[in-house]
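Protein sequence lines, in the order shown, are assigned to chains G and B.
Residues in the first sequence are numbered from 103 upward in steps of one, following this note's numbering.
Residues in the second sequence are numbered from 103 upward in steps of one, following this note's numbering.
Where a beta carbon is used, it is the ideal one built from N, C-alpha and C, also for glycine.
First up is the structure itself, then whatever we jot down about it.
There are 2 protein chains.
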Amino acid sequence: MHRNHVYVFDVAGAPAAALDDLDVVRTALSDLVADAGLHPVGSEAVHRFAPQGLSLAILLAESHVAVHTWPEHGTAYVTLTTCRRPADGFVERTRAALADALSGEVVARTVADA
Amino acid sequence: MHRNHVYVFDVAGAPAAALDDLDVVRTALSDLVADAGLHPVGSEAVHRFAPQGLSLAILLAESHVAVHTWPEHGTAYVTLTTCRRPADGFVERTRAALADALSGEVVARTVADA
């Protein structure tokens, strides 16, 4: 059976402006992907919700990363789903990087790491 | 903190032809979404790998669903990431439906259901 890993990062207390800014959010995901040593394949899906909020999924050679934001609540969550386990320290580095990029608090949950 | 749910379905023993057929795979995901009572927002990302294999992510009003396939191994995995918990019985119904749609064995893992 193919093994895979799922990491969830829950964001809270972030400013609505950051969570509704596609460039800010995309850059945060791209930095996560680069830090994890993963590779975008050049295909993404984006949706802007009305009046605010966005979803972005980026396909990788090693599965995908996605984010969903609720600017009205200051919350978001990022999921990385990958068939390749990132290097040690990835979770804590990413937690800190997302907190910095989105100016919020971030709690990391490794929900599948078998 | 915003809660979310992640369900993983591991597929094995499926014919390569099914796993490399975007229509078959997309229909399987669409059926899953409909059964869960979730709502596509009309944006998806697709990537075909060479010489085979595909990734598909579909954005939902309630987050996203994605699949990654390895026809050469007869494997795939489907992840549903959602802020809304599907109705009771969803996991077992989806496991059986994916097994039928992809002609393989499917093991369900509920990796985050808090």
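Less than 7 angstroms separates the beta-carbon of T183 (chain B) from that of H166 (chain B). Nearest CB-CB separation between V167 (chain G) and chain B: not below the 7 angstroms threshold.
If you look at A152 (chain G), you'll find it isn't in any alpha helix (DSSP H); DSSP assigns it neither H nor E. Inside the region 150–193 of chain G, DSSP marks whole beta strand (DSSP E) runs of 3 or more residues at positions 156–162, 165–172 and 177–184, from first to last along the chain. With fewer than 16 other Cβ atoms from the protein chains shown falling within 10 Å of its own Cβ, E194 (chain G) counts as exposed. DSSP places A118 (chain G) in the helix class (H, G or I) of the three-state scheme. Put simply, the CB of A189 (chain B) is far from chain G, with every gap to its CB atoms at 7 angstroms or more. Taking a Cβ-Cβ threshold of 7 angstroms, the residues of chain B close to V148 (chain G) are S145, in chain order. Using a Cβ distance threshold of 7 angstroms, A138 (chain G) and A147 (chain B) do not count as a contacting pair.
When the Cα atoms are used, G176 (chain B) and P142 (chain B) turn out to be separated by approximately 27 angstroms.
Distance between P173 (chain B) and A120 (chain G), taken at the CA atoms: about 40 angstroms.
Secondary structure of R105 (chain B) (DSSP, three-state): coil.
Relative to V209 (chain B), the option among B:Y179, B:R150 and B:G144 whose CA is nearest is B:Y179.
Contact between the region 122–135 of chain B and the region 146–163 of chain B is present, with at least three C-beta pairs closer than 8 angstroms. In this chain, S205 (chain B) is not harboured by any alpha helix (DSSP H), its DSSP state being neither H nor E. Linking F111 (chain G) to R211 (chain G) through their CA atoms gives a straight-line distance of about 6 angstroms. The beta carbon of T181 (chain B) lies closer than 6 angstroms to those of V110 and A168 in the same chain, with the five residues before and after it left out. When CB distances to chain B are screened at a threshold of 9 angstroms, the residues of the region 177–206 of chain G falling below it are T177, A178, Y179, T181, T183 and C185, in chain order. Against L161 (chain G), the close residues of chain B are A147, H149, S157 and A159, in the order they occur along the chain (beta-carbon pairs closer than 7 angstroms). In the structure shown, A147 (chain G) adopts extended strand secondary structure according to DSSP, grouped into three states. Note: D112 (chain G) is bridge-paired with G:Y179 and G:V209 in the DSSP secondary-structure output.
Buried is the label assigned to T196 (chain B), since at least 16 other Cβ atoms lie within 10 Å of its Cβ. The criterion of a C-beta distance shorter than 7 angstroms is not satisfied by V108 (chain G) and V113 (chain B).
Using beta-carbon distances, H107 (chain B) does not count as an interface residue toward chain G, since no partner is under 7 angstroms. A direct Cα-to-Cα measurement between H149 (chain G) and L161 (chain G) gives close to 15 angstroms.
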